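For reference, the structure is listed below as structure tokens.
2 protein chains.
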Amino acid sequence: MSETTDLTASLDPAAWTCPAPLSEQSRVVMGHGGGGMLSAELVRDVFAPAYGGAVLAQAGDAAQLALGGVRLAFSTDSFVVRPLFFPGGSIGDLAVNGTVNDLAMSGARAAYLSCGFILEEGVGLETVSRVAEALGAAARAAGVEVATGDTKVVEAGHGDGVYVNTAGIGLIPAGVDLRPQRVVPGDVVIVSGAIGVHGVAIMSVREGLEFGVEIESDCAALGGLVDTMLAVTPDLHVLRDPTRGGLAAALNEIAAASGTGVVIREREVPVPPAVANACAVLGLDPMYVANEGKLVAFVPREHADAVLDAMRTHPLGTEARIIGEVVEDHPGMVVARTGLGGTRVVDLPVGEQLPRIC
Amino acid sequence: MSETTDLTASLDPAAWTCPAPLSEQSRVVMGHGGGGMLSAELVRDVFAPAYGGAVLAQAGDAAQLALGGVRLAFSTDSFVVRPLFFPGGSIGDLAVNGTVNDLAMSGARAAYLSCGFILEEGVGLETVSRVAEALGAAARAAGVEVATGDTKVVEAGHGDGVYVNTAGIGLIPAGVDLRPQRVVPGDVVIVSGAIGVHGVAIMSVREGLEFGVEIESDCAALGGLVDTMLAVTPDLHVLRDPTRGGLAAALNEIAAASGTGVVIREREVPVPPAVANACAVLGLDPMYVANEGKLVAFVPREHADAVLDAMRTHPLGTEARIIGEVVEDHPGMVVARTGLGGTRVVDLPVGEQLPRIC
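Read top to bottom, the protein sequences are chains S and Y. Quick note on the numbering used here: the first sequence kicks off at 1159 and runs consecutively. Quick note on the numbering used here: the second sequence kicks off at 1159 and runs consecutively.
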């Protein structure tokens, strides 16, 4: 696969990876794993009908369950990132933080992780050890315990060194109810810091590009930051970590699920100069680039300033800022006000600009 | 990879897949995923030190956890079986039943599953749909809900069509405490039915072999059978589903963890004629062939007859029988009394006779 073809072909999301909707596809394309429209169609048209069930239909980052009288968050992610090690992290860090953050977006502090490895015959055991050690260290940093695991091996040429799956469970605190359906016009949209960093960090090593300064992934566990925010008020409306598909996908999912319109002030969206430069070179829009240590929060207006102040006291929220608001107009749609006073529609991406980013 | 080389080379487990211990290996071999000695070494030498934590050290099929005042079982498995569809089941059935059964071995009825797909670019969407539908049907049959999912796509040539990971959670009933450490001399060893069926079913399609009759996988969810057994008494000592590594691996793990000796009467171990014939042709020992719908139970002697009677009333236990007992002699070792009055040691397999059986 030539990834540079995808990257430089077009700024138009419709041209990425695969333009045709699922109904016109007969085979899996890279975009089905991209967290955009094709991923959503796969869930809607293939998985949801096959599994049935009301829980999957919640369409959040984590399922919210009742079991034995307690409220649990439960989530899973597989990780197929290339390369396995990159500036600021590794597949082991992603495997912990990706799932821990999905739980945190329900307000749950991750308690236990499962961890399944699919190893390719011939990969060095030293590589496996480095991944496992990174995973263990990330788990300790996030305060989550790896409780159970599994390892499978596939023949050389049928994998890619190391794939990792994690699933996680955690308790949802009383009084916390984070769902896109709670979003209402007037809510304030806050982002916890600079966007686009993880995706650009991966690309810089994958394509051997140099952007003057090394860009390190922002990969981090967001449980502590979320606790800080919930200490201000449990009445946040929704949290989302903008991973695959970037901030654009996260905002679109919330707009669609809540039936409200979202307006972003493009100038307020924090994009570091190094990320902006790299995106210009690569033909990417930072709004669509994956993050792994950021969150976007939809907060009732009366709590917004206090939540923002609290976020800025946390090491992962020092650059938090208000980037927009929820409106009654254009329900289900995300619109950006540009620096020049115009507006543009921020679409849900079709596929993924950068395959195998996590 | 030539699998027939592994299969016909030797009946000696030490010759399978890879004879050298982990400490002498520098690269991953197929046997690291086989559920035998190499798998155990990988956990002991790589994963356990990296993760730390007391829960993983329990070394059961599922972790037993306390969360919010309730006792949970939590387990994960990845599935890389080839082919995806086989007589009696599919990777979708295995993905449900494998995890459901791991939970059942803790006495827990599975409540929720997570499900992560790693798809290979180019695989037919119709194939993905068939797997998802099989998975959904198996979940409904097992009474478990698919609560959360994830899909990643890797480039053509970096996967094998469809890999599936599931993780599951369920409540452990009050009074149930199933652990190998509870096994004591005098305990009776019960197997729920014929062994070796799943592995031979996979081999028959993979190698295009004909054994006169089609052998169908025994793939099934064991939660109902376990409930039937626990209704007799919650005081069972340990349950184990003998998947990778077969009955031999399950018995060895329990002997090692309990520090007791296990004696099996070889004539009592139920091996269907078709499985025995296939194993003779392939040079396999049925004791080492994977099962996917059977369990082995270590039961206090005073409850053994009642538990056996109850098992036989359940569709998945009609052929249940006592195959041996726990002794004070040869702690940590499994010995089979042969039909000719002799004895042989039943070793833990080193790797796996049949790679990618689940």
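C-beta: ideal position from N, C-alpha, C; glycine also. As the structure is a computational prediction, the values presented were derived from the model and not from experiment.
Touch check for the segment 1383-1392 of chain Y and the segment 1434-1445 of chain Y: three-plus C-beta pairs under 8 Å?
Using a Cβ-Cβ distance cut-off of 8 Å, the segment 1383-1392 of chain Y and the segment 1434-1445 of chain Y are not in contact, since fewer than three pairs of beta carbons, one from each stretch, lie closer than that value.
Quick one: using the 10 Å Cβ neighbour count with 16 as the cut-off for buried, is Y/R1402 buried or exposed?
Position 244 of the second sequence, counting from 1, holds the residue named residue 1402 of chain Y. It is buried - the Cβ of Y/R1402 has at least 16 other Cβ atoms within 10 Å.
Buried versus exposed, by CB contacts within 10 Å (16 or more), S/G1315
As a working mapping, residue 1315 of chain S is identified with position 157 in the first sequence. Exposed: under 16 other Cβ atoms inside 10 Å.
Using alpha carbons as the reference points, say which of S/T1476, S/A1268 and S/S1197 lies closest to S/E1510.
As a position in the first sequence, residue 1510 of chain S is number 352, starting the count at 1. It is S/S1197 whose Cα lies nearest to the Cα of S/E1510.
Whole-angstrom Cβ separation of S/V1347 and S/P1428, contact assumed at under 8 Å?
For the purposes of this step, residue 1347 of chain S is taken as the residue at position 189 of the first sequence. For the purposes of this step, residue 1428 of chain S is taken as the residue at position 270 of the first sequence. Rounded, the Cβ-Cβ distance is 13 Å, inconsistent with contact.
If the cut is a Cβ gap below 8 Å, which residues of chain S does Y/T1234 touch?
In the second sequence, counting from the first residue as 1, residue 1234 of chain Y sits at position 76. Simply S1272, C1273, G1274, T1306, G1307, D1308, N1323 and A1325.
Quick check: is the beta carbon of S/Y1209 nearer than 8 Å to any beta carbon in chain Y?
Translated into the one-based positions of the first sequence, residue 1209 of chain S becomes position 51. Answer yes: the Cβ-Cβ gap between S/Y1209 and chain Y drops below 8 Å somewhere.
The segment 1192-1207 of chain Y in contact with the segment 1291-1299 of chain Y per 3-pair CB rule at 8 Å:
no
Simplified DSSP state of Y/V1396, which is helix, strand or coil:
For the purposes of this step, residue 1396 of chain Y is taken as the residue at position 238 of the second sequence. It is a strand residue.
Starting from the beta carbon of Y/S1197, find every residue of chain S whose beta carbon is closer than 8 Å, and list them in chain order.
Taking the first residue of the second sequence as 1, we reach residue 1197 of chain Y at position 39. Within 8 Å Cβ-Cβ: T1309.
Contact between the segment 1273-1281 of chain Y and the segment 1321-1338 of chain Y: three or more CB pairs below 8 Å?
yes
Of all Cβ atoms in chain S, is any one closer than 8 Å to the Cβ of Y/Q1339?
Within the second sequence, residue 1339 of chain Y is the residue found at index 181, counting from 1. No, Y/Q1339 does not count as interfacial toward chain S.
Could you check which residue in Y/V1258, Y/G1189, Y/V1312 and Y/P1245 has the C-alpha nearest to that of Y/E1368?
Within the second sequence, the letter at position 210 stands for residue 1368 of chain Y. Closest by alpha carbon: Y/P1245.
Alpha carbon of Y/G1319 to alpha carbon of Y/G1417, nearest angstrom
Numbered from its first residue, the second sequence carries residue 1319 of chain Y at position 161. Numbered from its first residue, the second sequence carries residue 1417 of chain Y at position 259. One C-alpha to the other measures close to 42 Å.
Does any CB atom of chain S fall closer than 8 Å to the CB of Y/A1300?
Looking up residue 1300 of chain Y in the second sequence gives position 142. It does not: the Cβ of Y/A1300 has no partner Cβ on chain S nearer than 8 Å.
If you measure beta-carbon to beta-carbon, which residues of the segment 1386-1418 of chain Y are closer than 7 Å to chain S?
none
Could you tell me the distance, in whole angstroms, from the CA atom of S/C1516 to the CA atom of S/P1241?
Counting from 1 along the first sequence, the entry for residue 1516 of chain S is found at position 358. Counting from 1 along the first sequence, the entry for residue 1241 of chain S is found at position 83. Distance between the alpha carbons of S/C1516 and S/P1241: 10 Å.
State the Cα-Cα distance for the pair Y/R1185 and Y/G1317, rounded to the nearest angstrom.
Counting from one through the second sequence, the residue named residue 1185 of chain Y turns up at place 27. Counting from one through the second sequence, the residue named residue 1317 of chain Y turns up at place 159. About 19 Å.
Buried or exposed (CB count within 10 angstroms, at least 16 for buried), Y/V1341:
Against the second sequence, residue 1341 of chain Y aligns to sequence position 183. Residue environment analysis places Y/V1341 among the buried positions, since at least 16 neighbouring C-beta atoms fall within 10 angstroms of its C-beta.
If we require 4 or more residues per run, which alpha helix (DSSP H) segments fall completely within the segment 1273-1334 of chain S?
Runs of the alpha helix (DSSP H) inside the segment 1273-1334 of chain S: 1283-1300.
Hey, which unbroken runs of the beta strand (DSSP E) at 3 residues or more fall wholly within the segment 1228-1280 of chain S?
1228-1237 and 1267-1278
With DSSP collapsed to three states, give me the class of S/R1514.
Reading the first sequence from its first residue, position 356 is the one you call residue 1514 of chain S. S/R1514: coil per DSSP, three-state reduction.
Would you call Y/G1301 buried or exposed, if buried means 16 or more other Cβ atoms sit within 10 Å of its Cβ?
Working through the second sequence from its first residue, we reach residue 1301 of chain Y at position 143. Exposed, because fewer than 16 other Cβ atoms sit within 10 Å of the Cβ of Y/G1301.
Name the chain C residues whose beta carbon is nearer than 7 Å to that of S/A1297?
Here the protein chains are S and Y, and chain C is not one of them.
Please confirm if the segment 1250-1263 of chain S is in contact with the segment 1351-1358 of chain Y, defined as three or more CB-CB distances below 8 Å between the two stretches.
no
Selection from S/A1305, S/G1280 and S/E1278 that minimises the alpha carbon distance to S/A1268
Here residue 1268 of chain S refers to the residue found at position 110 when the first sequence is read from its first residue. Out of S/A1305, S/G1280 and S/E1278, S/A1305 has the C-alpha closest to the C-alpha of S/A1268.
Considering just the uninterrupted stretch of the alpha helix (DSSP H) at Y/V1492, what are its terminal residues?
To locate residue 1492 of chain Y, count along the second sequence from 1; it is residue 334. Segment V1492 to R1495 is the beta strand (DSSP E) holding Y/V1492; no alpha helix (DSSP H) there.
Could you pull out every residue in the same chain whose Cβ sits closer than 8 Å to the Cβ of Y/A1478, ignoring the five residues on either side in sequence?
The residue given as residue 1478 of chain Y occupies position 320 in the second sequence. Correct list, in chain order: I1348, V1349, S1350, G1351, L1466, M1469 and R1470.
Once you ignore the five residues that flank Y/L1169 on each side, which residues in its own chain have a CB closer than 7 Å to its CB?
The residue labelled residue 1169 of chain Y in the question sits at position 11 within the second sequence. Any reading at Y/L1169 needs caution, since the residue's pLDDT is 36, under 50, leaving its predicted position unreliable; the model's value is listed next. Once the five neighbours on either side are set aside, the close Cβ partners of Y/L1169 are G1441 and D1443.
Taking only beta-carbon positions, decide if Y/S1184 is within less than 8 Å of chain S.
The sequence position of residue 1184 of chain Y within the second sequence is 26, counting from 1. Yes - at least one Cβ of chain S is within 8 Å of the one on Y/S1184.
Following the continuous beta strand (DSSP E) through S/G1482, name the residue where it begins and the one where it ends.
Within the first sequence, residue 1482 of chain S is the residue found at index 324, counting from 1. It spans R1479 to V1485 - the beta strand (DSSP E) in which S/G1482 sits, taken as one unbroken run.
Beta strand (DSSP E) runs contained entirely in the segment 1343-1396 of chain S, provided each spans 3 or more residues
1346-1349
Return the bridge partner residues of Y/A1224 from the DSSP annotation.
For the purposes of this step, residue 1224 of chain Y is taken as the residue at position 66 of the second sequence. Y/R1229, per the DSSP bridge assignment.
S/M1188 versus chain Y: which residues are under 9 Å apart at the beta carbon?
Counting from 1 along the first sequence, the entry for residue 1188 of chain S is found at position 30. Within chain Y, the residues near S/M1188 are E1279, V1311, V1312 and E1313.
How about S/V1358 and S/L1405: are their beta carbons less than 8 Å apart?
For the purposes of this step, residue 1358 of chain S is identified with residue 200 of the first sequence, where counting begins at 1. For the purposes of this step, residue 1405 of chain S is identified with residue 247 of the first sequence, where counting begins at 1. By the CB criterion at 8 Å, S/V1358 and S/L1405 fall outside the cutoff.
Tell me the rounded alpha-carbon separation between S/K1452 and S/A1379.
Here residue 1452 of chain S refers to the residue found at position 294 of the first sequence. Here residue 1379 of chain S refers to the residue found at position 221 of the first sequence. Taking the straight line from one Cα to the other gives about 9 Å.
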